[in-house]
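Protein chains in written order, with my numbering: chain A, 107 to 405; chain B, 59 to 551.
Ideal placement from N, C-alpha and C gives every residue a C-beta, glycine not left out.
For reference, the structure is listed below as structure tokens.
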């Protein structure tokens, strides 16, 4: 490489490119930085001086965090989200793995037709209201089941999983059968270990869905005790509703300072809700990237 | 001896194929004829209701019922089973007019149609609804029903015969190939489809149990809501149910297209997609190319990791950040103020909404969307660059003649897919950041569906608009897929 001389224009571009990428990184990170700094700032001074924020405005304080963490709905919604993520993902994976295994079997006679019928639902659905009425007619409104059951299987993930299972060599299955293994054992002892890469990716996709899920709960749930975290966040950050008032009671922060504290609480809530994802992100990055690759291969 | 058997087999196979094709053509004609009968029946008169006051039977044609031109006098929907038969007919029509080879379509459609017509007849005999009893008494309807049922049965029988026959021939050929035609006696009969399925079920019943939850899920939660589409054609009243509500025909579609919302929502949907195509689509390509030019791999990896991060911020948090940052004294607004922008709440102004929407999308997904191009770049062979260098190409020329052609297939596919989703914008982000002031530029079809359906509980109107949008989206995806297959031999299915 070093033997090849670079023209001045190419050198200039190299410098520009390096600097531009640096700026892009700053642009991507700054909003999160801003939020963290604001969440540590003094609410009165911060409210008076908005705009770009590089360091927290002193005196530093953690009052916002204590207001957020002492709110009972904040705690319950965190617990609910963990329930949705764990129970939802586990059920998703259980059904998807069994379905993908069965449907990838070449012995299943109308296998291709069944897959077509399943894939069709990716491109055409009943629509929002028929879906809502379906949940309502089954009397699943305001239940955990009403949140989880309607999204038991994701068609895309099922297809990815099935494709990965179809790649497992038939001779492996046959030799296991000669050893007396039944279909159940073959799935869990042979297919699951061999499909690990895809399984990691799609369980991650399911988990991210449950973590981010707010829309279905927003139309199906009326009991705030069952709210997932993201739905509570929507009330606080976007609707400025009752939840925000509950977090900044005038008994604790004084009546005239309520609006200042509300802003502080919003920043703290964002940090609390985003920190877990960003903490695990570096470890999971390669699986996410792999997921993009798997998804780009025809199912 | 052996050659004779072989030759005879080949000749009969060719004869069978020709017969099969003739048969297939006949089946197509039968299916089309049946559909024409059904379409003609739309212009016949049905006795569908009794006049409330005089207790006289009221007669409407099928077309009048579809248009909802019954002046609100029709008490109920056309019989659901008649609608089912109509859908089956549409499937058969599709089968006979497109080059669909699968025997599954005519078998499924004619079986469903026949079942629907039989159930209709059965229901009419015991029906409490007088209008259907009147209708059943009329000679025209009776004749139409018999004709429909008979032709459905004929199509079903023909399709099954065809598929069984061709499966049998294929299987026999396969067995013949395995046994090299020698040890296979002429009287040998390969197992029938039914035998194969039953044998497989008996041997592998746990597998059938394992796919059961998936199948139930799709029947209940993916296809179940589809029956709710019928409320787009009636005045849905929860007490009367999906099928029992008063028939409204195309009223909701008509009202939507006559309202100012149609133009506004369609325009906004298209505008957001066009802007996205112009800005959101090329940006990741550019980023991938620029990342590719970085000489330090460590720095490159850092930039990648950092630019992926915004993708992992949840939508609600992103919208919360956005609302705060573009408020009249937010971080972004005060930054823009340095360049002479007014300090106003950007999301409180209709004219800034699209920019805010597109730029925030770009911020969130720019890095992530570049992954696919980066992997395409990584698969370009280094020899090509070396050859270009030897030919005296500078960096720019290398990018133009080696890199870009290398990722063109990826770009083409993604572009075609993007065009396939031209009429869809997800409602989730829109409904989080729009408000009544910005409806003018922010309200897209899906957010209108949400607002009318969930907030105003105007179920039928919302479903009608939704159906219109889904049908357009579906046909766009289908055409995009065809285009993709034609140009790049890559397709979604």
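- Message: Pull the bridge partners of residue 304 of chain B from the DSSP assignment, please.
- Response: In the second chain, residue 304 of chain B corresponds to position 246, counting from 1. Note: residue 304 of chain B sits in a beta bridge opposite B:293.
- Rounded straight-line distance, which links the Cα of residue 175 of chain B to that of residue 143 of chain B: What you label residue 143 of chain B is simply residue 85 of the second chain in a count that begins at 1. What you label residue 175 of chain B is simply residue 117 of the second chain in a count that begins at 1. Answer to the nearest angstrom: the Cα atoms are 7 angstroms apart.
- Mind reading off the beta-carbon distance from residue 308 of chain A to residue 521 of chain B? Whole number of angstroms is fine, and I expect it under 8 angstroms. Numbered from its first residue, the first chain carries residue 308 of chain A at position 202. Numbered from its first residue, the second chain carries residue 521 of chain B at position 463. Actually they do not touch by this definition, with Cβ atoms about 32 angstroms apart.
- Item | Of the listed residues A:166, A:270, A:248, A:158, nearest to residue 391 of chain B (C-alpha basis) | One-based indexing of the second chain puts residue 391 of chain B at position 333. Comparing Cα-Cα distances from residue 391 of chain B to each of A:166, A:270, A:248, A:158, the minimum goes to A:158.
- Along the chain, which unbroken stretches of the alpha helix (DSSP H) at least 4 residues long are found entirely within the segment 181-242 of chain A? 195-210, 217-229
- Going by C-alpha distance, which of A:186, A:192, A:385 is nearest residue 367 of chain B? Residue 367 of chain B sits at position 309 when you count from the first residue of the second chain. Of A:186, A:192, A:385, the residue nearest in Cα terms is A:385.
- Task: Use the C-beta contact count for residue 302 of chain A: other C-beta atoms within 10 angstroms, 16 or more gives buried, fewer gives exposed.
- Result: Here residue 302 of chain A is taken as the residue at index 196 of the first chain, counted from 1. When all chains shown are included, residue 302 of chain A counts as exposed.
- Starting from the beta carbon of residue 321 of chain A, find every residue of chain B whose beta carbon is closer than 7 angstroms, and list them in chain order. Within the first chain, residue 321 of chain A is the residue found at index 215, counting from 1. Under the 7 angstroms cutoff, chain B gives 486.
- Taking just the CA atoms, how far does residue 506 of chain B sit from residue 516 of chain B? Translated into positions along the second chain, residue 516 of chain B becomes position 458. Translated into positions along the second chain, residue 506 of chain B becomes position 448. The alpha-carbon atoms of residue 516 of chain B and residue 506 of chain B are separated by roughly 11 angstroms.
- Task: Using beta-carbon positions only, say whether residue 83 of chain B and residue 212 of chain B come within less than 9 angstroms of one another.
- Result: As a first step, residue 83 of chain B must be located in the second chain, where it is residue number 25. As a first step, residue 212 of chain B must be located in the second chain, where it is residue number 154. No, they are not a contact pair.
- Closer than 9 angstroms, CB to CB, is residue 366 of chain A near chain B or not? Stepping through the first chain from its first residue, residue 366 of chain A is reached at position 260. It does not: the Cβ of residue 366 of chain A has no partner Cβ on chain B nearer than 9 angstroms.
- Message: Beta carbons nearer than 9 angstroms to chain B: which residues of the segment 270-290 of chain A have them?
- Response: 288, 289, 290
- Task: Would you mind reading off the limits of the alpha helix (DSSP H) that contains residue 508 of chain B?
- Result: Counting from 1 along the second chain, the entry for residue 508 of chain B is found at position 450. That run of the alpha helix (DSSP H) goes 503-508.
- Where residue 119 of chain B sits in the DSSP three-state scheme: Position 61 of the second chain, counted from the start, is the residue given in the question as residue 119 of chain B. Reduced to three states, the DSSP call for residue 119 of chain B is strand.
- Query: Among B:450, B:440, B:539, B:378, which one has its Cα closest to the Cα of residue 113 of chain A?
  - Reply: Counting from 1 along the first chain, the entry for residue 113 of chain A is found at position 7. Measuring from the Cα of residue 113 of chain A, the nearest candidate turns out to be B:450.
- Message: Between A:187, A:394, A:171, which has its C-alpha nearest residue 311 of chain A's C-alpha?
- Response: Residue 311 of chain A sits at position 205 when you count from the first residue of the first chain. Nearest C-alpha to residue 311 of chain A: A:394.
- Query: Is residue 342 of chain B buried or exposed, if buried means 16 or more other CB atoms sit within 10 Å of its CB?
  - Reply: Stepping through the second chain from its first residue, residue 342 of chain B is reached at position 284. Buried: at least 16 other Cβ atoms inside 10 Å.
- Supposed close pair residue 594 of chain B, residue 227 of chain B - CB separation, criterion 8 angstroms: Because residue 594 of chain B is not part of the residues shown, which for chain B are 59 to 551, the question remains open.
- Message: Let me check understanding here. Comparing Cα to Cα, which of A:181, A:237, A:174 lies closest to residue 524 of chain B?
- Response: For the purposes of this step, residue 524 of chain B is taken as residue 466 along the second chain, with counting starting at 1. Minimum Cα distance to residue 524 of chain B is reached at A:237.
- Message: Between which two residues does the alpha helix (DSSP H) holding residue 140 of chain A run?
- Response: Taking the first residue of the first chain as position 1, residue 140 of chain A is located at position 34. Element bounds for residue 140 of chain A: 114-146.
- Which residues in the same chain as residue 404 of chain B place their Cβ atom closer than 7 angstroms to its Cβ, once the five residues preceding and following it in sequence are excluded? Taking the first residue of the second chain as position 1, residue 404 of chain B is located at position 346. Hits under 7 angstroms: 384, 391, 410, 414.
- Near-chain B residues of the segment 174-185 of chain A - C-beta to any C-beta below 8 angstroms: none
- Looking only at its own chain, which residues have a Cβ that is under 6 angstroms from the Cβ of residue 151 of chain B, when we skip the five neighbours before and after it? Position 93 of the second chain, counting from 1, holds the residue named residue 151 of chain B. The answer, listed in chain order, is 93.
- Query: Is residue 271 of chain B closer than 9 angstroms to residue 205 of chain A when the C-beta atoms are compared?
  - Reply: Mapped onto the first chain, residue 205 of chain A falls at position 99. Mapped onto the second chain, residue 271 of chain B falls at position 213. Closer than 9 angstroms, so yes.
- Message: Quick test of the definition: if touching needs 3 or more C-beta pairs under 8 angstroms, does the segment 329-348 of chain A touch the segment 175-191 of chain A?
- Response: yes
- Query: Is the beta carbon of residue 460 of chain B less than 9 angstroms from the beta carbon of residue 343 of chain A?
  - Reply: Residue mapping note: residue 460 of chain B aligns to position 402 of the second chain, counting from 1. Residue mapping note: residue 343 of chain A aligns to position 237 of the first chain, counting from 1. No, the pair does not count as a contact, with Cβ atoms beyond the cut-off.
- Task: List the residues of chain A that residue 164 of chain B touches, going by C-beta distances under 7 angstroms, in chain order.
- Result: For the purposes of this step, residue 164 of chain B is taken as the residue at position 106 of the second chain. Result: empty, since nearest Cβ-Cβ is about 13 angstroms, beyond 7 angstroms.
- Item | Chain-order list of residues whose beta-carbon lies under 7 angstroms from that of residue 408 of chain B (same chain, five-residue window excluded) | What you label residue 408 of chain B is simply residue 350 of the second chain in a count that begins at 1. Contacts found: 495, 496, 498, 499.
- Query: Cβ of residue 371 of chain B less than 9 angstroms from any chain A Cβ?
  - Reply: For the purposes of this step, residue 371 of chain B is identified with residue 313 of the second chain, where counting begins at 1. Chain A, which has a Cβ nearer than 9 angstroms to the Cβ of residue 371 of chain B, makes this yes.
- Message: Spatial neighbours of residue 530 of chain B within its chain, please: C-beta separation below 7 angstroms, excluding the five flanking residues on both sides.
- Response: As a first step, residue 530 of chain B is located in the second chain; it is residue number 472 there, counting from the start. Cβ within range, chain order: 481.
- Would you check if the distance between the CB atom of residue 200 of chain B and the CB atom of residue 91 of chain B is smaller than 9 angstroms? Sequence index remark: in the second chain, residue 200 of chain B carries index 142 (1-based). Sequence index remark: in the second chain, residue 91 of chain B carries index 33 (1-based). It is not a contact, given that the beta carbons lie outside the stated cut-off.
- Task: Assign residue 448 of chain B to buried or exposed, taking buried as 16 or more other Cβ atoms, counted over all protein chains shown, within 10 Å of its Cβ.
- Result: Within the second chain, the letter at position 390 stands for residue 448 of chain B. Exposed: under 16 other Cβ atoms inside 10 Å.
- Message: Just to confirm my understanding: we take residue 532 of chain B, look at its own chain, exclude 5 residues before and 5 after, and list those with CB closer than 7 angstroms. What are they?
- Response: Residue 532 of chain B sits at position 474 when you count from the first residue of the second chain. Nothing listed; no residue qualifies.
- Query: So with Cβ pairs under 9 angstroms, would you call residue 195 of chain A a contact of chain B?
  - Reply: Indexing the first chain from 1 puts residue 195 of chain A at position 89. Not an interface residue.
- residue 260 of chain B classed as buried or exposed, judged by whether at least 16 other C-beta atoms fall within 10 angstroms: Start at 1 with the first residue of the second chain, and residue 260 of chain B comes out as number 202. Under this definition residue 260 of chain B is an exposed residue.
- Message: Rounded to whole angstroms, what is the Cα-Cα separation between residue 407 of chain A and residue 378 of chain A?
- Response: In the structure as shown, chain A begins at 107 and stops at 405. Residue 407 of chain A is therefore absent and cannot be evaluated.
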